[in-house]
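In the working numbering, the protein residues as written are 2 to 436.
Accompanying notes for the structure given below.
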Amino acid sequence: MAKAIEIEEPVTVTVATATSPSNLAAVPQLIKELAEGVGCLESGCNEARQALVTQARSLVQALETPRETMIKHCWAQPAVFAAILCGNECGLWKLMAKNGDKPQKVKELACALGVDPVLLSAMGYLLEVGEDEYKPTSFSLSLSLPIMNGGYPALITMGGPSFINLHEYERSRNWKNPTDAKDSPLMHAHKTDLNYFDLAASRGYLEDFNNHMGGYRQGRLPWMAPEFVPVQEVLIKGADQSPDAVFMVDVGGCLGHDLLEFHRYHPTVPGKLIVQDLPQVVGSIIPSEENKALTPMAHNFFEEQPIKGARAYYLHSVLHDWPDDRAEVIVGRIKAAMRPGYSKLLINENVIPRTDAYWETSALDLVMLSQLSAQERTERDWRDLVEGRCGLAIVKIWSGGRGVESLIEYLFPIRANPVDYKLFQIAGYNQILLT
Ligand SMILES: C[S@@+](CC[C@H](N)C(=O)[O-])C[C@H]1O[C@@H](n2cnc3c(N)ncnc32)[C@H](O)[C@@H]1O
Numbered sequence: 002m003a004k005a006i007e008i009e010e011p012v013t014v015t016v017a018t019a020t021s022p023s024n025l026a027a028v029p030q031l032i033k034e035l036a037e038g039v040g041c042l043e044s045g046c047n048e049a050r051q052a053l054v055t056q057a058r059s060l061v062q063a064l065e066t067p068r069e070t071m072i073k074h075c076w077a078q079p080a081v082f083a084a085i086l087c088g089n090e091c092g093l094w095k096l097m098a099k100n101g102d103k104p105q106k107v108k109e110l111a112c113a114l115g116v117d118p119v120l121l122s123a124m125g126y127l128l129e130v131g132e133d134e135y136k137p138t139s140f141s142l143s144l145s146l147p148i149m150n151g152g153y154p155a156l157i158t159m160g161g162p163s164f165i166n167l168h169e170y171e172r173s174r175n176w177k178n179p180t181d182a183k184d185s186p187l188m189h190a191h192k193t194d195l196n197y198f199d200l201a202a203s204r205g206y207l208e209d210f211n212n213h214m215g216g217y218r219q220g221r222l223p224w225m226a227p228e229f230v231p232v233q234e235v236l237i238k239g240a241d242q243s244p245d246a247v248f249m250v251d252v253g254g255c256l257g258h259d260l261l262e263f264h265r266y267h268p269t270v271p272g273k274l275i276v277q278d279l280p281q282v283v284g285s286i287i288p289s290e291e292n293k294a295l296t297p298m299a300h301n302f303f304e305e306q307p308i309k310g311a312r313a314y315y316l317h318s319v320l321h322d323w324p325d326d327r328a329e330v331i332v333g334r335i336k337a338a339m340r341p342g343y344s345k346l347l348i349n350e351n352v353i354p355r356t357d358a359y360w361e362t363s364a365l366d367l368v369m370l371s372q373l374s375a376q377e378r379t380e381r382d383w384r385d386l387v388e389g390r391c392g393l394a395i396v397k398i399w400s401g402g403r404g405v406e407s408l409i410e411y412l413f414p415i416r417a418n419p420v421d422y423k424l425f426q427i428a429g430y431n432q433i434l435l436t
């Protein structure tokens, strides 16, 4: 099969380009900016720290030669993945964390784990304190937490083949953007017709995926925090107070991480908190003191929504898993269950800017493309999908800041009958009042 187009090697690029530092001229200014930025760290401002990380990466890129960057990609990064995954599997990270912050000999670790010592290699993420002797770092300690280590099997073992074979998939599909949930790069790479979630379940990686869902969100301000969304004003005020009423349904809510967090912030909201997901997911929720406020419910979101008239239906990182035609069905099922003028749809997703997108969001966009034929969406995309295709109206987009999912608030209906509602521009956003 042919490549998209055949282009001759450009004569201006020589091996010297590949073996010289990428951008030495930029180095002094980058170091100056980094030194100046260090002062901001004292304020504890996370955005200032993130800006420094970006600058530090630019500095490394400028100093590295293209050859070194290529070796990093082709040798080091795959080797790091392999080392971390093996460390997960054989229990290395947990054992080192259990041993504590002291030098640990490879021989003794290998003996305790029952693995060949040659298989334990450091790749720079452990502190080398002597020959075959290491101390843990905060990164290796973090790898002992399931919410941190789950991403590697869930996204590298499961998702990796779809990335590294994407060019083959694209070549065989004439370089069309994948938008068919039944023909994803992941299916092509794994030679299966199962989607990501079913494949992860069948290969024993669902728990890792669920743990990753609990992990990637850590260290960010959740939308239910008062400085993000005024939940009292937006949801609690006007909510049905009767004990049987449903306050919020978290559709595709995994193990209920969001509802648990919501309950921690708002322990006295009236009504039930229902977490819906596939039977194999909600079936793994173990009842505990911590999650007793939640009601787990097995539900396929492509089928009729059984909970009618809840105050809020909530979708977090669900629609980005699906191309528009499937996302429309998910929203349509919710819309059919909403009580007009009372129920709200809350979508907690990235609203990706047209320019200067945060690197985590751009990376996630490619994860969605390669694993699910899906995508991250811009504001225009959200309007086209949920307003244009589904007929709900955006009330407000609450922004969580750079790289954090926004909360998009929708009301029903937008154009069931033009006489039924008036659309007002209030305080810079669309407010829909039902008459
Ligand atoms: C990306 S995860 C988001 C999970 C959760 N909302 C969160 O943000 O942590 C997508 C979720 O959709 C669930 N899911 C996939 N297909 C589903 C279906 N047909 N019906 C219900 N849930 C489904 C998966 O099991 C998974 O928990």
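We put the beta carbon where it would ideally sit given N, CA and C, even for glycine.
- Straight-line spacing of the CA atoms in Y197 and E43 works out to 42 angstroms.
- The criterion of a C-beta distance shorter than 9 angstroms is not satisfied by W224 and W94.
- Its Cα nearest to that of S243, the residue R312 stands out among G115, R312, H168, I335.
- A Cβ-Cβ contact shorter than 9 angstroms links V276 with T296.
- Taken through DSSP and simplified to helix, strand or coil, I398 comes out as strand.
- In the displayed model, V54 falls within a helix according to three-state DSSP.
- Each residue's CA atom was taken as its position, placing W360 and T379 some 15 angstroms apart.
- Residues L114, V116 of the same chain have their beta carbon placed closer than 6 angstroms to that of C91, with the five preceding and five following residues left out of the count.
- The beta carbon of R50 sits closer than 7 angstroms to the beta carbons of L42 from its chain, once the five residues preceding and following it are set aside; these are given in chain order.
- As the crow flies, the alpha-carbon of L25 is around 30 angstroms from that of F82.
- In this structure the stretch 152-172 does not touch the stretch 120-134; the number of beta carbon pairs closer than 8 angstroms is below three.
- The alpha carbon of P186 has as its nearest neighbour, out of A202, V130, H168, the alpha carbon of H168.
- In the three-state reduction of the DSSP assignment, L127 falls in the coil class, being assigned neither a helical nor a strand state.
- Distances from the alpha-carbon of V368 to those of F164, L316, E109, E37 put F164 closest.
- Three or more Cβ pairs drawn from the stretch 302-309 and the stretch 333-344 lie within less than 8 angstroms of each other, which places the two stretches in contact.
- Taken in chain order, the complete beta strand (DSSP E) segments of 3 or more residues contained in the stretch 286-359 are 295-299, 313-317, 345-350.
- In this structure, M214 has its beta carbon less than 8 angstroms from a heavy atom of ligand 1.
- Checking the 8 angstroms criterion, the Cβ of H267 is out of range of every heavy atom belonging to ligand 1.
- Per DSSP, the continuous alpha helix (DSSP H) segment holding I165 begins and ends at 161-165.
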